[in-house]
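Numbering (my numbering), first residue to last: 5 to 195.
This is the structure:
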């Protein structure tokens, strides 16, 4: 009788170990496949030109004042907007103040940014000078830049994506977007 009881106990133990509790899987996100980068020449209603990604579409231009305007560029499947703020520099003495304003706009995101990388832009042959900022982390804007000829023209750009800032999930999109923005900055010319 003890043998039968032991055999039944062992068989219950063995069969009960085979059943596994369901383990919840972590949430996943779909991988986004992007096309090869391709560009076209874009001539702005303001005083500049650059190569713009074929995915992007200029959508709104607003001449706010005589020396100030805003250009919105839809980022297409990247689901965001590139804002270009153009300012005709009133006097050469005001340039440091304008550059400080652009830097302050980047500094507004220091609280949420894990890291801010920047790259100086110096193209004396084209009279293009500025800084390209990449803000890493869960920030509202991952890319900002400003360009100037240091005498008449100043342009500040910032990218806003239409989603919650989740840097890890957005990293592939941001890498793709960075290549397009670098092309814009590297081919930028004043008219």
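Backbone N, C-alpha and C fix where the C-beta goes; we use that ideal spot for every residue, glycine too.
This structure is a prediction, so every number in the text was calculated from the model and none was measured.
Excluding the 5 residues flanking it on each side, residue 183 has same chain C-beta neighbours closer than 8 Å at 41, in chain order. DSSP places residue 163 inside the beta strand (DSSP E), whose first and last residues are 157-165. Taking all protein chains in view, the Cβ of residue 14 is surrounded by fewer than 16 other Cβ atoms within 10 Å, so the residue is classified as exposed.
Separation of the CB atoms of residue 188 and residue 87 is rounded to 13 Å, and the pair is thereby denied contact status at 8 Å. Residues 73, 90 of the same chain have their beta carbon placed closer than 6 Å to that of residue 50, with the five preceding and five following residues left out of the count. Nearest to residue 85 by alpha-carbon distance, out of 70, 185, 106, 193, is 185. Remark: C-beta atoms of residue 63 and residue 76 approach each other more closely than 8 Å.
Under the three-state reduction of DSSP, residue 173 is assigned to helix.
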